[in-house]
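K.L.:
Numbering (UniProt numbering), first residue to last: 1 to 154. The structure's right below; bear with me while I get my questions together.
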C-alpha cells in the first residue's frame, strides 16, 4: 500500500468550493502534471527552450491578442496575469496567484515559466507586428514571476 500524499485539490468541506483568488483553478492539476513532471522528464536539458517555442506555437494556433491573455491564463490554470509596466521597447507582465505559489512550493522555489513566456512573447509579437523575445525572472520571496517581452522594431 502506498503512502497518501498531499492532494492539492482535496476539499475538507462538503459544500461547493467558493471561487476566490486564493483557490486553485480546476485545470491546475492537469496542467501542473504535464508541465512540471512529465515534460521535464521527456525533454531533459532541453525543457526550457522547447517549452518556450511550444508556447509560441500554441499562441499561433489559438489566434490570441494581448487583451485575451489574462483570461486565457486563468482558464488554463497558469495564474493571474497583469501588465505591470509598458515602454516603447518592452512590456513587463506579472504572473501571480495560487497556481504560481503552488508551482514554487512543488519545485523548491525554482519553477520554470518558459511555456507562459513563449505564449506571451508570440501574442505580443502578433498584436504589435514586431519581433519580440521573452524572458522571465522568478521572485521566490513573493512567489511571483516577472515576464519581460523585449520588442525589436528594426
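Backbone N, C-alpha and C fix where the C-beta goes; we use that ideal spot for every residue, glycine too.
In whole angstroms, what separates the C-alpha of residue 152 from that of residue 113?
P.N.:
Start at 1 with the first residue of the chain shown, and residue 152 comes out as number 152. Start at 1 with the first residue of the chain shown, and residue 113 comes out as number 113. Near 22 Å, if we compare the C-alpha coordinates of residue 113 and residue 152.
K.L.:
Where residue 99 and residue 79 are concerned, what is the direct C-alpha to C-alpha distance, given to the nearest angstrom?
P.N.:
By one-based count along the chain shown, residue 99 stands at place 99. By one-based count along the chain shown, residue 79 stands at place 79. About 5 Å.
K.L.:
What residue range is occupied by the uninterrupted alpha helix (DSSP H) comprising residue 56?
P.N.:
Position 56 of the chain shown, counted from the start, is the residue given in the question as residue 56. Run containing residue 56: 47–62, per the alpha helix (DSSP H) assignment.
K.L.:
The alpha helix (DSSP H) with residue 32 in it runs from where to where?
P.N.:
For the purposes of this step, residue 32 is taken as the residue at position 32 of the chain shown. Residues 28–32.
K.L.:
Given a threshold of 16 other Cβ atoms within 10 Å of its Cβ, counted over all protein chains shown, does residue 38 qualify as buried or as exposed?
P.N.:
Mapped onto the chain shown, residue 38 falls at position 38. Burial call: exposed.
K.L.:
With contact counted as at least three CB pairs below 8 Å, one residue from each stretch, are the stretch 136–151 and the stretch 61–69 in contact?
P.N.:
The stretch 136–151, when compared against the stretch 61–69, does not touch it at the 8 Å Cβ threshold.
K.L.:
I think residue 95 touches residue 35, with their Cβ atoms under 8 Å apart; what is that distance to the nearest whole Å?
P.N.:
Working through the chain shown from its first residue, we reach residue 95 at position 95. Working through the chain shown from its first residue, we reach residue 35 at position 35. The pair is not a contact, with the Cβ atoms about 13 Å apart (cut-off 8 Å).
K.L.:
In the structure shown, what three-state DSSP assignment does residue 39 receive?
P.N.:
What you label residue 39 is simply residue 39 of the chain shown in a count that begins at 1. Looking at residue 39 - three-state DSSP - the assignment turns out to be helix.
K.L.:
Sort 125, 32 and 119 by Cα distance to residue 54 and report the nearest one.
P.N.:
As a first step, residue 54 must be located in the chain shown, where it is residue number 54. Comparing Cα-Cα distances from residue 54 to each of 125, 32 and 119, the minimum goes to 119.
K.L.:
Could you check the C-alpha separation between residue 64 and residue 108 for me, to the nearest Å?
P.N.:
Counting from one through the chain shown, the residue named residue 64 turns up at place 64. Counting from one through the chain shown, the residue named residue 108 turns up at place 108. Rounded to the nearest angstrom, the two C-alpha atoms are 32 Å apart.
K.L.:
Over the uninterrupted beta strand (DSSP E) stretch that includes residue 152, give me the two end residues.
P.N.:
The residue labelled residue 152 in the question sits at position 152 within the chain shown. Residues 144–152.
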